[in-house]
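Numbering (this note's numbering), first residue to last: 1 to 107.
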C-alpha cells in the first residue's frame, strides 16, 4: 500500500493544492511504529470529512466497485457507514454543480 501512496503522491499533492475544497480525503502523513516484539505497523493520518456539528443522517464509503460493497443488514443502524450497493438514490444535479463536484473529486 505504501508504494501505491508514494506513486500517486505527486498528482494528489498538485490536486489538493489546486482545489482546496477537494472532496478527496486529505492525507497528513504516513507513519511506522515498532511494537513490542519487533512487529512494524504502518498507518496513514487523514483528515475527518465529517468534522461538523451538523447532523449527518447517512454516510457512505463509495469506492466505485460492487465487490464486497454492501453493508450486512445486522450492522445497519443510525451510525453505520453504508457502501456502494446500499446507495439506492438517483441524484439529479445541475451541470455547474456537477462540474464543480467532479473537479473536487477527481485529480
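Beta carbons: idealized from backbone N, C-alpha and C, even for Gly.
| Asked | Found |
| --- | --- |
| Neighbourhood of residue 26 by C-beta distance below 6 Å, restricted to the same chain and skipping five residues each side | 47 |
| Enclosing beta strand (DSSP E) for residue 60 [first to last residue] | 59 to 61 |
| Proximity below 8 Å, CB of residue 22 to CB of residue 31 | no |
| Member of 70, 33, 6, 61 whose CA lies at the smallest distance from the CA of residue 49 | 61 |
| Distance, residue 9 Cα to residue 20 Cα | 16 Å |
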